[in-house]
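Reading the sequence shown from the start, the letters are residues 1 to 544 in the UniProt record's numbering.
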Amino acid sequence: MFWGEVMTQTKTHTAKLDVVVVGAGFAGMYLLHRLRGLGFNARVFDAASGVGGTWYWNRYPGARCDVRSLDYSFSFDKELEQEWEWTEKFATQPEILRYANHVADRYNLWPDMQFNTRIEGQTFDDATERWTVTTSAGDVIDAQHVVLAVGTLSAPKLPEIKGIDSFKGAWFQTQKFPKEGVNFLGKRVAVIGTGSSAIQSIPEIAKTCKQLTIFQRTPNFSFPAGNRPLARDEVDDMKKVYPAYRQTARQSFFGQPAEEPTQSALEVSAEERNARYQKGWDAGQLVGILGAFTDILFDKDANDTVAEFVRAKIREIVKDPVTAEALCPYNHPVGTKRPCLDTGYYNVFNMPHVRLVDLKKTDITEITATGIKTTAESMDFDVIIYATGFDAMTGSILKIDVTGRNGLKLGDVWKDGPSTYLGLGVHGFPNMFTVTGPQSPSVLSNMMVSIEQHVDWITDCITALRDKGFKSIEATDKAQKDWVEHTYEIGQTTLYPLADSWYMGANVPGKPRVFLPYIGGVGPYREKCDEVAKNNYEGFALAK
Ligand code: N01
């Protein structure tokens with residue numbers, strides 16, 4: 001039994017609820033806390049056996065958040081903020097999971113959460129203006145509202161490689177790592193993928209395994225995290241200024257206070273530019289580098305200057321020049337695939353038992369009973385780890401069979417890409433809200449800031465509907481079209497569309513290629529949402 005799990009599962013006896021919340025991550029927990037406080041009858045469902053969402057599942061070695069712990073935490077309760085003690089600059093997965101359990105204990109959320117239960121379908125009844133929600137545990141719930149707090153990176157995907165099922169050794173996905181961990185001592189280990197999950201886990205696995213082979217399709221830009229224990233006075237100082245600090249975070253571009261850049265990377269000398277990048281490199285903060293100049297995410301020439309800075313670092317760290325060159329990314333601008341923060345990633349390639357296989361030269365042809373075959377050779381392994389990513393932002397939503405007004409299927413409506421109004425509601429699907437959904441800042445922000453903003457907005461909205469006697473709320477077609485167009489237009493001004501990234505849906509065969517998040521900035525986005533609410537939910541149709 002894992003700490004924090006619920007010993008006995010009580011099936012819901014409430015057939016009728018005000019709100020069904022899907023997902024017991026930070027969004028689902030805060031939703032429940034807020035909804036109960038406002039007098040709603042709400043219940044949270046999760047397929048996991050405990051709280052934490054992303055941090056429940058992703059238990060691979062070295063898993064950490066790459067947003068600073070003092071930023072990646074709730075701000076809604078001053079007492080919680082003061083009592084919780086983070087121990088490191090970047091919190092580990094176990095520490096974040098302890099925090100999630102602490103939150104569930106502190107607000108006694110457990111009685112209204114149901115685990116080991118997946119929401120399978122939800123159908124809107126046009127006559128009653130309510131949802132019928134069905135679960136894997138056989139529950140049938142009649143709910144006025146459904147809030148999808150399902151996470152943005154929670155539908156993991158295996159690669160499309162022949163023979164995955166034929167491997168006789170042990171294999172794991174980073175997102176589904178076993179709770180008891182894996183002992184790599186003396187093992188020949190393969191890691192497929194070089195995204196954030198791989199880059200965090202590889203240095204840890206390399207410490208004990210006998211042999212480590214990394215299969216890289218696309219090299220990534222990675223920056224040293226500079227992780228360290230937090231000093232007592234650093235924590236105390238932050239706790240003194242938290243209210244003002246959080247306010248700045250809410251109004252910032254990425255949901256983290258940062259110095260606003262004023263200059264183009266191209267208007268300063270190479271020495272000055274590199275000095276600023278070095279400062280960001282030493283500080284171990286992505287916003288410090290991506291936000292060093294105004295145009296890094298918007299101008300290819302400006303972006304090239306950071307790219308070359310990182311490539312020079314890789315060549316400096318990695319001793320074998322062929323391996324170093326293979327690790328240098330050229331095919332996408334910095335930041336347009338999620339950049340990584342690492343602890344000794346590039347140094348790993350100087351270890352004698354670690355080898356990089358460049359799939360651009362020798363691709364994998366199949367997984368065999370004993371290992372991996374490429375166009376050049378066959379290799380035997382004891383363990384294969386798939387660090388091959390997620391069907392991001394829409395994957396976990398579309399896993400649910402959502403049927404809206406007039407029998408409309410969400411999967412059909414989104415077949416050419418998601419359409420939402422503010423990333424909060426979808427036309428044709430009344431009384432359904434998404435937290436950090438597509439076309440909101442979401443994955444381009446400090447998630448905790450975005451989660452709190454969405455939960456506050458949604459719960460205020462549901463309260464306003466109740467208080468004014470409205471039965472339903474639905475994004476209008478016009479407001480949705482305008483928002484989608486605005487989202488795409490703003491995305492097109494950036495370099496993001498140049499990369500084959502999960503931001504673009506490009507990592508999932510057949511997924512429409514559209515830029516999924518909103519890059520207008522956390523602060524301006526909040527202002528827009530607040531304005532919509534102030535204007536009696538402008539762009540939404542309300543019905544009595
Ligand atoms: O997944 P990814 P992830 N053959 O999609 C490769 C967040 N996160 O789990 O780039 C060979 O980034 C694929 O190659 P390519 C963070 O937002 C945060 O690592 O598609 N390789 C890529 O290298 C992150 O971005 C934290 O060519 C194949 C890798 O697998 C997001 O989660 C930590 C392949 C997948 O990388 C996802 O990260 C971890 C194939 N057939 C994650 N298919 C922190 O907060 C795929 N790949 C620190």
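Where a beta carbon is used, it is the ideal one built from N, C-alpha and C, also for glycine.
State the DSSP-derived secondary structure class of residue i, mapped to helix, strand or coil.
{"i": "G39", "result": "coil"}
{"i": "E527", "result": "helix"}
{"i": "A132", "result": "One detail in the question is off: residue 132 reads as Thr in this sequence, not Ala. If DSSP states are grouped into helix, strand and coil, T132 belongs with the strands."}
{"i": "D380", "result": "strand"}
{"i": "E260", "result": "coil"}
{"i": "Y537", "result": "coil"}
{"i": "T487", "result": "helix"}
{"i": "Y386", "result": "strand"}
{"i": "R64", "result": "strand"}
{"i": "V532", "result": "helix"}
{"i": "D77", "result": "coil"}
{"i": "residue 600", "result": "Only positions 1 to 544 of the chain appear in the structure, and residue 600 is not among them; the question remains open."}
{"i": "D416", "result": "coil"}
{"i": "P243", "result": "helix"}
{"i": "M7", "result": "Interpretation of M7 is limited by its pLDDT of 38, a score under 50 that renders its predicted location unreliable; no figure is taken from the coordinates."}
{"i": "R98", "result": "helix"}
{"i": "T92", "result": "strand"}
{"i": "K544", "result": "coil"}
{"i": "V334", "result": "strand"}
{"i": "L495", "result": "coil"}
{"i": "L31", "result": "helix"}
Got a sec, what are the start and stop residues for the alpha helix (DSSP H) residue i sits in?
{"i": "M447", "result": "447-468"}
{"i": "K207", "result": "196-208"}
{"i": "F309", "result": "300-317"}
{"i": "S396", "result": "395-398"}
{"i": "L410", "result": "410-413"}
{"i": "D401", "result": "Segment 401-403 is the beta strand (DSSP E) holding D401; no alpha helix (DSSP H) there."}
{"i": "L290", "result": "286-290"}
{"i": "W57", "result": "54-57"}
Would you mind reading off the limits of the beta strand (DSSP E) that contains residue i?
{"i": "Q211", "result": "211-216"}
{"i": "W171", "result": "170-173"}
{"i": "Q144", "result": "140-148"}
{"i": "M432", "result": "432-434"}
{"i": "K16", "result": "16-22"}
{"i": "Q122", "result": "119-125"}
{"i": "P321", "result": "Premise fails: P321 lies in the alpha helix (DSSP H), 321-327, not in any beta strand (DSSP E)."}
{"i": "A475", "result": "472-475"}
{"i": "R355", "result": "354-358"}
In the DSSP assignment, what are the bridge partners of residue i?
{"i": "Y503", "result": "DSSP output for Y503 lists no bridge partner at all."}
{"i": "M113", "result": "V44"}
{"i": "E366", "result": "K373"}
{"i": "G425", "result": "Y421"}
{"i": "I192", "result": "F215, Y386"}
{"i": "F223", "result": "L341"}
{"i": "L185", "result": "C209"}
{"i": "P229", "result": "E88"}
I'd like to check one pair, residue j with residue i: are the Cβ atoms closer than 9 Å?
{"i": "V189", "j": "L212", "result": "yes"}
{"i": "residue 555", "j": "A225", "result": "The structure shown does not extend to residue 555, since the chain is modelled only from 1 through 544, so no value can be given for it."}
{"i": "P517", "j": "S419", "result": "no"}
{"i": "T208", "j": "L230", "result": "no"}
{"i": "T368", "j": "V357", "result": "no"}
{"i": "T459", "j": "L80", "result": "no"}
{"i": "I384", "j": "F167", "result": "yes"}
{"i": "N101", "j": "G52", "result": "yes"}
{"i": "G335", "j": "I296", "result": "yes"}
{"i": "A27", "j": "V435", "result": "yes"}
{"i": "V455", "j": "S252", "result": "no"}
{"i": "Y242", "j": "K78", "result": "yes"}
{"i": "G25", "j": "F115", "result": "no"}
{"i": "L542", "j": "I473", "result": "yes"}
{"i": "L424", "j": "G411", "result": "no"}
Taking 8 Å as the cut-off, is the CB of residue i close to at least one heavy atom of the ligand GDP?
{"i": "N227", "result": "Of the ligands one can find in the structure shown, namely the ligand N01, none is the ligand GDP."}
Validate contact between the stretch 342-355 and the stretch 142-159 using beta carbons, cut 8 Å, 3 pairs:
no
Segment contact, 8 Å Cβ cut-off, at least three pairs: the stretch 441-454 with the stretch 465-481
no
Are three or more beta carbon pairs between the stretch 499-510 and the stretch 391-401 nearer than 8 Å?
yes
Would you call the stretch 68-83 and the stretch 136-150 in contact, with 3 or more CB pairs under 8 Å?
no
When the Cβ atoms of the stretch 161-181 are set against those of the stretch 54-64, are three or more pairs found closer than 8 Å?
yes
Inter-stretch contact at 8 Å, needing at least 3 Cβ pairs: the stretch 88-96 / the stretch 125-139
no
If you pair each beta-carbon of the stretch 280-292 with each one of the stretch 315-326, do three or more pairs fall below 8 Å?
no
Measuring CB atoms only, is the stretch 507-521 touching the stretch 431-445, in the sense that at least three cross pairs come out at less than 8 Å?
yes
Please confirm if the stretch 244-252 is in contact with the stretch 191-202, defined as three or more CB-CB distances below 8 Å between the two stretches.
no
Kindly confirm or deny that the stretch 194-201 and the stretch 398-415 touch, where touching means at least three C-beta pairs closer than 8 Å.
no
Should the stretch 322-330 be regarded as contacting the stretch 266-282, the criterion being three or more beta carbon pairs within less than 8 Å?
no
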